[in-house]
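Those protein sequence lines, which keep their order, are chains B, H, E and V. Numbers 1 to 186, taken from the numbering used here, label the letters of the first sequence in order. Numbers 187 to 372, taken from the numbering used here, label the letters of the second sequence in order. Numbers 373 to 558, taken from the numbering used here, label the letters of the third sequence in order. Numbers 559 to 744, taken from the numbering used here, label the letters of the fourth sequence in order. For every residue, glycine included, the Cβ atom is placed at its ideal position computed from N, Cα and C. Values in this document were obtained by computation on a predicted structure and should not be read as measured data. Step one of this worksheet: look at the structure below.
Number of protein chains: 4
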Amino acid sequence: MSAAAYHPPLDELQACAWFNTPRPLTLAGLRGEVVVIHAFQMLCPGCVSQGLPQAQRLHHQLGDRVKVLGVHTVFEHHEVMTPAALQAFLAEYRISFPVAVDQPDPARRLPRSMQAWQLQGTPSLIVLDRRGRVRLHQFGHVDDLQLGLVLGMLLAEEGEAAAEAAAPPTVPAAATCADGLCGAPR
Amino acid sequence: MSAAAYHPPLDELQACAWFNTPRPLTLAGLRGEVVVIHAFQMLCPGCVSQGLPQAQRLHHQLGDRVKVLGVHTVFEHHEVMTPAALQAFLAEYRISFPVAVDQPDPARRLPRSMQAWQLQGTPSLIVLDRRGRVRLHQFGHVDDLQLGLVLGMLLAEEGEAAAEAAAPPTVPAAATCADGLCGAPR
Amino acid sequence: MSAAAYHPPLDELQACAWFNTPRPLTLAGLRGEVVVIHAFQMLCPGCVSQGLPQAQRLHHQLGDRVKVLGVHTVFEHHEVMTPAALQAFLAEYRISFPVAVDQPDPARRLPRSMQAWQLQGTPSLIVLDRRGRVRLHQFGHVDDLQLGLVLGMLLAEEGEAAAEAAAPPTVPAAATCADGLCGAPR
Amino acid sequence: MSAAAYHPPLDELQACAWFNTPRPLTLAGLRGEVVVIHAFQMLCPGCVSQGLPQAQRLHHQLGDRVKVLGVHTVFEHHEVMTPAALQAFLAEYRISFPVAVDQPDPARRLPRSMQAWQLQGTPSLIVLDRRGRVRLHQFGHVDDLQLGLVLGMLLAEEGEAAAEAAAPPTVPAAATCADGLCGAPR
């Protein structure tokens, strides 16, 4: 690890409601895990078309190695993006990872975690390493290749044996040749 | 690194022609780098629609950290998938990473590297770590998230400082809110 | 027109609110036009990903020849898919064609137009000819080619001169060759 | 039909080889049918990614009402885009509609039909009405909605009863609610 690189910790999440989890989560409680925080709004088109599908994909594919967390950071249309509306949205879109509702701030449009984390809008992505330090902090879409790369590096840092993780996937004995694949004659 | 994991080396590439490189490459010469080998045929639909665009994306985004290598492993339609045809194909599709033509074997349909590497067809993906050992060996498409993850882990192994690599991308001071993004009021 | 084909008229739309129109519309008032009714719910994933983008595309490309009408047929999550929530949704997704809110029925989950039209769910598409008769009535996605075909046939029926409509689009004098096009040498 | 619109006939196709048809076709012989001519080159990226899939979709969905014809108009890389290479290409991509090889002109790079039809490059689309007159003539991609519309109008002109064609598709009795559809309670 370079001595020059500075990776600040992230202020604790301030949530007023949770979905898809039996009990509230805290960033402190997730120390030791690589955490991906996806900040979104249910009426934000870019979140619905790109950010949330990516988070769901991540949760499905890597949920045993990376902790995916949604945070509903409502900063507009507060009156209709309520926790009840979010609950219906999560059910319809079959979002299955834990989602927190960012604590509203009566004095401002932006909710509290969004303020503390200095998010510029939605979707935003924050990735924390096992020590809870911010390693990626981005407004807008991060493509899968880049996100996978960052996660792979963080997983390889202190802890997980890269060897296990990168073990060649088992190739089916008789791979079929549909979907444009060209199978070689044996 | 787990003692149990066995990662064999890959037999040297046997090439009879090269494109997009001033001189022939060898796997031995690439030792010390993470190498992604994309085996394809120019008339394989899955290669054209998925594999090659991914390899090109990889080369554009990560070409300074990962070596991308195409290998044209012709095992059917030999008479029309010639090096001259490949050259036209590479120009039309603007493929810019180095591409080798796998050495034909007069006695068999499969070319020599394809035989040695026991490829099942095209597209196939092989990822080598810095020591030249096979860490991913897959027939068919590997999605970007999975591929990024493997590459991130291999880059983090001995050598590259993960800290540098995963440094948070600079977020533009005034990110615009086009493309479905929702910008927060300041 | 075949004597055998039976194309029933559609019961009048029962709306309790409108967006994107200075005044309420009626199907009776649209007689003489080919009308495309897109029934949707703002929290229905298939509507958001396919149906509404298609309706918007239709409105942009053919809005001067076909009347596109959205109808918000809420039959679930009534408490959160309110007109106010719909208004925020339409603004965020930049939906610009007229959208009606289907009149709720206090006695049933399904709103009144949805009942009368016997819709099976959302998204649903109904196409009316110039006489107000139902010519397409489909639950689920109708692809662009099929929808374009139906609309072309209805436009050609009594009224619009097909000649005008199908006039060859002007080809730019100097078409560029980006995006995979191959320009011929002159 | 407006008196002002001028729709010229198209010079007869000059082909030196055919695929996917038991015998050569002529435009004259197709009089009475709406014909879609897709001019392409097998190494043209825009043809492979957009034009040919559209033509194949058209052939599958509307092949009983519209005649789809491919024309391989080679104007570059002549030495590798041979009829033998085209044959392998058509097999790999499972193109099933008739495809002609445009007659080369020893004196020029452009083949003869391409010259006569004044095509600007590939992909190009020409649509003929039942009388063999040009109703669409476009270099580059035409989207499905626009193409469907033109075809619908031409099918409705003299001949096919629009009523039949636009008959509402049968909706399955018990439509399932997968793929983001929301089924209404009965």
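Per DSSP, the unbroken alpha helix (DSSP H) holding V/Asp-702 starts and ends at 702-714. Between the alpha carbons of V/Ala-597 and H/Pro-309 lies a gap of roughly 28 Å. In the three-state DSSP reduction, E/Cys-419 falls in the helix class (H, G or I). Only those residues of the stretch 64-94 of chain B whose C-beta falls short of 9 Å from the nearest C-beta of chain E are listed: Glu-76, His-77, Glu-79, Val-80, Met-81, Thr-82, Ala-84, Ala-85, Leu-86, Gln-87, Ala-88, Phe-89, Ala-91, Glu-92, Tyr-93, Arg-94.
Under the Cβ criterion of 7 Å, B/Leu-52 is not counted among the residues facing chain H.
Ranking H/Gly-215, H/Ala-241, H/Asp-329, H/Leu-322 by CA distance to the CA of H/Leu-199 puts H/Gly-215 first.
For H/Ser-299, there is no enclosing beta strand (DSSP E); the residue is found in the alpha helix (DSSP H) stretching over 298-302. Residue pairing of E/Ile-467 in beta bridges, as defined by DSSP: absent, with no partner found.
Contacts with chain H (Cβ-Cβ distance below 8 Å) from the stretch 100-125 of chain B involve Arg-109, Leu-110, Met-114, Leu-119, Gln-120, Gly-121, Thr-122, Pro-123, listed in chain order. For B/Gln-61, the enclosing alpha helix (DSSP H) covers residues 52-62. Within the model, the alpha-carbon separation for V/Met-711 versus E/Gln-487 is close to 33 Å.
Any Cβ of chain V closer than 7 Å to the Cβ of E/Met-414 would place that residue at the interface, and such an atom is absent. The beta carbon of V/His-617 sits closer than 7 Å to those of Val-626, Ser-654, Phe-655, all from its chain and outside the five residues before and after it, given in chain order. For V/Gly-628, the uninterrupted beta strand (DSSP E) segment begins and ends at 624-630. By the C-beta criterion, the stretch 390-406 of chain E is judged not to be in contact with the stretch 69-85 of chain B, since fewer than 3 inter-stretch pairs fall below 8 Å. Residue-level contact by beta carbon holds for E/Pro-557 and chain V, with a gap shorter than 7 Å. Taking a contact to require three or more Cβ pairs closer than 8 Å, the stretch 8-28 of chain B and the stretch 101-116 of chain B qualify as touching.
Residues of chain B whose Cβ lies closer than 8 Å to the Cβ of H/Arg-217 do not exist, since the nearest Cβ in that chain is about 18 Å away. For H/Leu-314, the uninterrupted beta strand (DSSP E) segment begins and ends at 310-314. Excluding sequence positions up to five before and after E/Leu-519, its CB lies less than 6 Å from no other CB in the same chain. At least one C-beta of chain B is nearer than 7 Å to the C-beta of E/Pro-417. Excluding residues up to 5 positions away in sequence, Trp-204 lie with their Cβ nearer than 6 Å to the Cβ of H/Pro-210 in the same chain. When the five nearest sequence neighbours on each side are left out, the beta carbons in the same chain lying within less than 6 Å of the beta carbon of V/Leu-668 are those of Phe-633, in order along the chain. The residue from E/Thr-445, E/Val-408, E/Leu-434 with its alpha-carbon nearest to that of E/Gly-493 is E/Thr-445.
CA-CA distance, E/Leu-517 to H/Pro-292, rounds to 48 Å.
Taking the Cα of H/Pro-194 as reference, the smallest distance to any Cα among H/His-323, H/Arg-319, H/Ala-286, H/Tyr-279 is reached at H/Arg-319. The Cβ atoms of B/Leu-151 and H/Leu-335 sit closer than 7 Å to each other. B/Leu-155 and B/Leu-136 have their C-alpha atoms roughly 14 Å apart. Here DSSP, grouped into helix, strand and coil, assigns H/Leu-322 to strand. Around the beta carbon of H/Asp-250, fewer than 16 other beta carbons lie within 10 angstroms, which makes this residue exposed. One thing to note: H/Val-221 has its Cβ no nearer than 7 Å to the Cβ of H/Leu-311.
Shown here for E/Leu-458: same chain residues with a beta carbon closer than 6 Å to its own, the five before and five after excluded, namely Met-414, His-444 in chain order. Interface criterion met: the Cβ of H/Ala-342 is under 7 Å from a Cβ in chain B. For B/Leu-149, a Cβ of chain H is located within less than 7 Å of the residue's own Cβ.
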